[in-house]
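Undergrad: My structure is below; once you've seen it, I'll send some questions.
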Amino acid sequence: MVATIARSASPANKDALEDRLNVYRKLKRIRLFEERLAVLFQEGKVYGTAHPCVGQEATAVGALIDLRKEDYVAGTHRSHGHCIAKGADLGRMMMELLGREDGYCGGKGGSMHIAALDLNMLGCNGIVAGGIPHVAGAAMAAQLRGEDRVGIGFLGDGAANQGLLYETLNLAAIWKIPLIVVCENNQYALSARYHETQATPDIATKAAGFGMPSEVVDGMDVDAVRAAVGKAIARARRGDGPSFIECKTYRFLGHSLRNDRPKRAPEEIASWKARDPVAKNRALLADDHGLGSAAVDAIDAEESKAIEVAVKVAEAAADPTRDKLLAGIYCDDPYEQTPPPRSAADEKRQISYAQALNEALMAEMERDSSIIVFGEDVGEGGGVFGVTTGLQAKYGAARCRDTPISEQAITGLGVGLALGGARPVVEIQFMDIMTLAVDQLVNQAAKIRYMLGGKPTVPMVLRSPLGAGIRLAAQHSQSLEAWYMHVPGLTVVMPSTPYDAKGLLTSAIRSPNPIIFLEHKQLYFLSGPVPAEHYTLPIGKADVKREGKDVTVVATGAMVRKALQVARKLGREGISMEVVDPVTLSPLDIDTIIASVRKTGRLVVAHEACRFGGPGGEIVAAVVEHAFKDLKAPPQRVGAPFTPVPYNQALELAYIPDEEQIAAAVQATLR
Amino acid sequence: MPHVMKLPPLGQTIEEAKMAEWLVPEGKPVDKDEPLLVVETDKGNLEVNADAGGTVKRHLVKIGVMVKIGDAVAEIET
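So, in structure tokens, the structure goes:
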């Protein structure tokens, strides 16, 4: 019937009709999908929660209908419509919502994390505004490769109160990232009304503060959204940078299928429903294009059938088997290994820890043009501790960039660059300041691979100095490595020697996983043997720094050097100490530690982090579990007292575990 | 014959450094790879490790003196 009418129309009308048909089908498909989902939820087949976008279909379709497949999209928690508008397969979406193995994310993500990576839909996100730096980073990675891809990031009015958004807008503006932020202002952040959460009548006005063009459009009008986003896409493709589009829209249903809040006046709902984009486009097709009501009913039936097929396929599909629980956390793909030319013991050349890191960065940037180094003051300044000295001069300001002071956005952009195929090496100036980026590290970088079904990789290195000893007081001196050891998906590396620092940073850059690379600031200017050649060292492998037979001392970071000094001193008194450096804290090479304790029968763990809740607890617990019968004495832990780091020199020195404490702990195991 | 330790190469851009501190006094034992001395460079203070184990027999350089890479700095009785 459709074809009959199209044939009778003039060519121009025919194009317009086909275009309108395409628009309508997508709007209707989203509407039907969400309505069917509500039924599945009521039937107990979809669990947890899901956030329907009924009423908001025009923003998804208008923003994405002219996007190319290679362009990137990041969604929100209310993103089924965005996936469908990007062309996602209904069956795989429905399977994901039912938690099936063949769903888009293997049943690991569910409604809030559906991604269609084959379509460059980078995923929905349960943390509002959390995906904006990802899509910015992916688009930037493409831009760095000379491609004209763009990224569209969606967010709601609630997310427009997240600092991350504004940090990212600023970064996107100064770096002219081809990003379009589409704000779906549906008037409610869960139950909070728009005017209760923002003082400006339009969110879009805020974009001007970042030097970015913006537009407010009627989000119920698919053509208006399409026109505004189309201009922004063209601008981004030209290389003129990001834009911000605010769409005034409305969700006809409650916040989620589980949560009907807030109570809204029936008149308010009715006034928005009068502008229903699905009904409006139906009328355009049936009346203006002369298709007639029966023809549109036939289209509706086709779309409805497609949804039912998806539901049937999903219901018949298998759940993931139990062995999938631990699959897809880390990427095990091999990367190029370059064995060191000589051991540290055989190397004559001595350089500082900071220089060793610098050599690794220099050589890797030469080897792989997708590596981009960025952070505060890392460019011309070379970083606070000089680790990035000379990188900008050699590789240019595009590949070694100073950033604004925006830890959340820097880290999130790193995640996006990694998703987009680049290799970001991010420097956070002090580990204490990583607290500002914890969402992007813990909820995003660490989990993206797993929650999106074990497919994407996030090859990002985040370097940061930690530790006390240079009188920087409580907010620039902490050792918080145990926090990140507790997060599945993250790798935590903490080298103690220049030799290890160079080899492990090289490995970290080549690794396909997100890696937190911790550098104790007291080590930067200590020297040790380092081959001039380029080499890798294995991540996840402990290193026995000194062999002994009476006591095992497991020491991390700056404590390794102290433990070795104690070993020398006690060695002269006839006590044979073995010093084991885990080097990688997660995944922890507990086997090497247990083997050492089986030999010595005694264990001391020394770290600079607070003793309470520090890495030592995990190490001691694992040894007790596996080698209890080999222990000749209770294990001892050396760590900082449970206090913030003080400024006063005597107090700071009292805070930092010293050689005497390590020696006393060793003696305690021998009594 | 005691072992004569020379100031090792300290990276591409460093040709000389100022002797700043002895970490192991004359007459005391030292292990290979144990920090022996501190030099000042334009990149900051650097601790340099002993390249052999034994007893530190003699410091060959006074504090404050400029030392070139390859200059003898200490005698170690191995």
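For the protein sequence lines, the chains are A and B, in the order given.
Under our numbering, read the first sequence as residues 11 to 681, first letter to last.
Under our numbering, read the second sequence as residues 1004 to 1081, first letter to last.
Beta carbons are placed, not taken as given, at the ideal position from N, Cα and C, and that holds for glycine.
Computed from a predicted model, the values in this text were never measured in an experiment.
Examine chain B for any beta-carbon lying closer than 7 angstroms to the beta-carbon of residue 402 (chain A), and answer yes or no.
TA: Not closer than 7 angstroms to any Cβ of chain B, the Cβ of residue 402 (chain A) fails to qualify, so no.
Undergrad: Which of the residues in the region 353-381 of chain A, read from start to end, lie with their CB under 7 angstroms from any CB of chain B?
TA: Result list: 358, 359, 360, 361, 362 and 365.
Undergrad: Could you check the C-alpha separation between residue 1061 (chain B) and residue 1010 (chain B) for me, to the nearest Å?
TA: C-alpha separation (whole angstroms): 15 angstroms.
Undergrad: Using only alpha-carbon positions, find the residue among A:33, A:40 and A:662 that is nearest to residue 76 (chain A).
TA: Per the Cα distances, A:33.
Undergrad: First and last residue of the alpha helix (DSSP H) that includes residue 53 (chain A)?
TA: No alpha helix (DSSP H) contains residue 53 (chain A), which DSSP labels as neither H nor E.
Undergrad: Hey, how far is the Cα of residue 560 (chain A) from the Cα of residue 609 (chain A)?
TA: Those two C-alpha atoms are separated by around 8 angstroms.
Undergrad: Could you tell me which of A:366, A:502, A:191 and A:373 sits nearest to residue 596 (chain A), measuring between CA atoms?
TA: Of A:366, A:502, A:191 and A:373, the residue nearest in Cα terms is A:502.
Undergrad: For the 8 angstroms Cβ check, are there 3 or more pairs between the region 404-411 of chain A and the region 450-462 of chain A?
TA: As far as the Cβ criterion goes, the region 404-411 of chain A does not touch the region 450-462 of chain A, which means the pair count is below three.
Undergrad: How far does the alpha helix (DSSP H) with residue 422 (chain A) in it reach, from first residue to last?
TA: Segment 417-429, the alpha helix (DSSP H) holding residue 422 (chain A).
Undergrad: Classify residue 522 (chain A) as helix, strand or coil using the three-state DSSP reduction.
TA: Coil.
Undergrad: So with CB distances below 7 angstroms, who are the chain A contacts of residue 1047 (chain B)?
TA: Near residue 1047 (chain B) (Cβ distances below 7 angstroms), the residues of chain A are 535.
Undergrad: Counting only beta-carbon atoms, is residue 268 (chain A) nearer than 7 angstroms to chain B?
TA: Chain B, which has no Cβ nearer than 7 angstroms to the Cβ of residue 268 (chain A), makes this no.
Undergrad: Quick test of the definition: if touching needs 3 or more C-beta pairs under 8 angstroms, does the region 312-321 of chain A touch the region 37-44 of chain A?
TA: Flag = yes, the region 312-321 of chain A and the region 37-44 of chain A touch.
Undergrad: On the DSSP bridge assignment, give the partners of residue 436 (chain A) in chain order.
TA: Answer by DSSP bridge pairing, in chain order: A:384 and A:472.
Undergrad: Report the rounded CA-to-CA distance for residue 621 (chain A) versus residue 643 (chain A), giving the unit in angstroms.
TA: Rounded to whole angstroms, residue 621 (chain A) to residue 643 (chain A) spans 19 angstroms at the Cα level.
Undergrad: Pick helix, strand or coil for residue 13 (chain A), following the three-state DSSP scheme.
TA: Unreliable placement is indicated for residue 13 (chain A), whose pLDDT of 43 sits below 50; the coordinate value is still reported in the next sentence. Three-state result, residue 13 (chain A): helix.
Undergrad: In chain B, which residues lie with their C-beta within 9 angstroms of the C-beta of residue 102 (chain A)?
TA: Within 9 angstroms Cβ-Cβ: nothing; residue 102 (chain A) doesn't reach chain B, min ~54 angstroms.
Undergrad: Just checking my contact of residue 359 (chain A) with residue 389 (chain A) at CB under 8 angstroms: how many whole Å lie between their CB atoms?
TA: So it is not a contact: roughly 28 angstroms between Cβ atoms.
Undergrad: Can the beta-carbon of residue 100 (chain A) be found closer than 7 angstroms to that of residue 465 (chain A)?
TA: No, the pair does not count as a contact, with Cβ atoms beyond the cut-off.
Undergrad: Compare the beta carbon distance of residue 671 (chain A) and residue 634 (chain A) with 7 angstroms and say whether it is the shorter of the two.
TA: Not a contact, by the Cβ cut-off of 7 angstroms.
Undergrad: Is residue 271 (chain A) buried or exposed, if buried means 16 or more other CB atoms sit within 10 Å of its CB?
TA: Label assigned to residue 271 (chain A): exposed.
Undergrad: On a CA-only basis, which of A:219, A:639, A:461 and A:616 is nearest residue 1 (chain A)? Give me that one, please.
TA: Residue 1 (chain A) cannot be examined here, being either before or after the span of chain A that is shown, 11 to 681.
Undergrad: Determine the DSSP secondary structure at residue 259 (chain A), reduced to helix, strand or coil.
TA: In the structure shown, residue 259 (chain A) sits in coil (DSSP, three-state: anything other than H, G, I, E or B).
Undergrad: Kindly indicate if chain B contains any beta-carbon less than 7 angstroms away from that of residue 578 (chain A).
TA: Yes, its Cβ sits closer than 7 angstroms to a Cβ of chain B.
Undergrad: Reducing DSSP to helix, strand and coil, say where residue 607 (chain A) ends up.
TA: Residue 607 (chain A) falls in the helix class under three-state DSSP.
Undergrad: Return the residue from the list A:68, A:664, A:440 and A:20 that minimises the CA-CA distance to residue 288 (chain A).
TA: Looking at the Cα atoms, A:68 is the closest of the given residues.
Undergrad: Within 10 angstroms of its Cβ, does residue 269 (chain A) collect 16 or more other Cβ (buried), or is it exposed?
TA: With fewer than 16 Cβ atoms within 10 Å of its Cβ, residue 269 (chain A) is classed as exposed.
Undergrad: Would residue 545 (chain A) and residue 350 (chain A) qualify as a contact pair, given that the criterion is a beta-carbon distance under 7 angstroms?
TA: For residue 545 (chain A) and residue 350 (chain A), yes; Cβs fall inside 7 angstroms.
Undergrad: How would you label residue 540 (chain A), buried or exposed, when you count the other beta carbons within 10 angstroms and need 16 or more for buried?
TA: Classification of residue 540 (chain A): buried, given that the 10 Å Cβ count is 16 or more.
Undergrad: Quick one: measure Cβ to Cβ for residue 193 (chain A) and residue 131 (chain A), integer angstroms, because I've assumed they're closer than 8 angstroms.
TA: That belief does not hold up - the Cβ atoms of residue 193 (chain A) and residue 131 (chain A) are roughly 18 angstroms apart, past 8 angstroms.
Undergrad: Which class does residue 679 (chain A) belong to by DSSP, given the choice of helix, strand or coil?
TA: In the structure shown, residue 679 (chain A) sits in a helix (DSSP, three-state: H, G or I).
Undergrad: With a threshold of 7 angstroms between beta carbons, is residue 1014 (chain B) in contact with chain A?
TA: Yes, residue 1014 (chain B) lies at the interface with chain A (some Cβ there is under 7 angstroms from its Cβ).
Undergrad: Have a look at residue 340 (chain A) and residue 468 (chain A) and give me their C-alpha separation to the nearest angstrom.
TA: The alpha-carbon atoms of residue 340 (chain A) and residue 468 (chain A) are separated by roughly 10 angstroms.
Undergrad: Excluding the 5 residues preceding and the 5 following residue 12 (chain A) in the sequence, name in chain order all residues of the same chain whose CB lies nearer than 8 angstroms to its CB.
TA: Confidence at residue 12 (chain A) is low in this model, with a pLDDT of 46, below 50, so its placement is unreliable and the value that follows should be read with caution. 31, 301, 305, 308 and 309.
Undergrad: Quick check: the Cα distance between residue 700 (chain A) and residue 421 (chain A), rounded to an integer number of angstroms?
TA: Chain A is shown only over 11 to 681; residue 700 (chain A) falls outside these bounds and no answer can be derived.
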